[in-house]
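Numbers given in my numbering equal positions in the sequence shown, counted from 1, plus 60.
The structure appears right after this line, and notes come after that.
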Amino acid sequence: MLIDIRTTISKVYAEHRYLQEHLQDEEIIKFDRIVREDPSYPTLRHALGELSEYLARYHQQKCIVLIDEYDAPIGAAYHKGYYDDAMDFFRPMFSSLLKDNINLHKAFLVGVLRVGKSGFLSGLNNISVYPMTHPQFASSFGFTSDEVELLLTHHS
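Structure (structure tokens):
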């Protein structure tokens, strides 16, 4: 799990190398270690929160964070038997990115697990949940009736 996460975070950092122009020497060293996929465990857990700080500083505005399938690593960890280790990693990661982050304007997370009081996102404030089953959002999530008909016709 950590190898995949480290690789993904490394790619995200590599896409933002231009930020290094405005970083302090110590931040550049940490940034380079993440790009090389050689960060310490604590550095990795807070890497996305720190990246949002670098982005906000560079662009002089707060960040909007988009996360698709935010719950997939936790679901996989549960089924593969390393749920507790995953929670030990993701709780502080999401907290530094989404809760204790003065550089965050808004975040949009998409997943199948409902945000609960005991889950790894339990410490977040000001959460709005928009289920795809709610009539107000039915046309925005999933497939419309016409799209389902088209798929059934095409793939029958």
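Even for Gly, the Cβ is constructed at its ideal location relative to N, Cα and C.
Tell me which residues share the same chain as residue i and place their Cβ nearer than 7 Å to its Cβ, disregarding the 5 neighbours each side in the sequence.
i           : result
residue 75  : none
residue 165 : 122, 123 and 124
residue 201 : 192
residue 183 : 155 and 159
With residue i and residue j assumed to form a contact (beta carbons below 8 Å), what rounded beta-carbon distance in angstroms separates them?
i           : j           : result
residue 113 : residue 67  : Actually they do not touch by this definition, with Cβ atoms about 22 Å apart.
residue 169 : residue 127 : 5 Å
residue 167 : residue 158 : 5 Å
residue 116 : residue 61  : With 8 Å as the limit, residue 116 and residue 61 do not qualify as a contact, their Cβ atoms being about 28 Å apart.
residue 111 : residue 142 : Rounded, the Cβ-Cβ distance is 25 Å, inconsistent with contact.
Note down, in chain order, each residue of its chain lying with its Cβ closer than 8 Å to the Cβ of residue i, except the 5 sequence neighbours on either side.
i           : result
residue 178 : With a pLDDT of 49 at residue 178, under the threshold of 50, the predicted position of this residue should be treated as unreliable, though the coordinate-derived value follows. The answer is none, since no qualifying residue turns up.
residue 132 : 171
residue 268 : What the structure shows of the chain is the stretch from 61 to 216, and residue 268 is not part of that stretch, so it cannot be assessed.
residue 88  : 80
residue 213 : none
residue 139 : none
Should residue i be labelled buried (16 or more other beta-carbon atoms within 10 Å of its own) or exposed?
i           : result
residue 181 : buried
residue 192 : exposed
residue 102 : exposed
residue 150 : buried
residue 186 : exposed
residue 95  : buried
residue 155 : buried
residue 90  : buried
residue 195 : exposed
residue 78  : exposed
residue 63  : exposed
residue 108 : buried
residue 3   : This structure cannot settle anything about residue 3, because the visible part of the chain is limited to 61 through 216.
By Cβ distance below 6 Å, which residues in the same chain neighbour residue i in space, the five residues on each side in sequence not counted?
i           : result
residue 130 : 169 and 171
residue 190 : 197
residue 69  : 107
residue 118 : 79 and 82
Length-filtered (3 minimum) beta strand (DSSP E) runs lying within the segment 87-168
123-128
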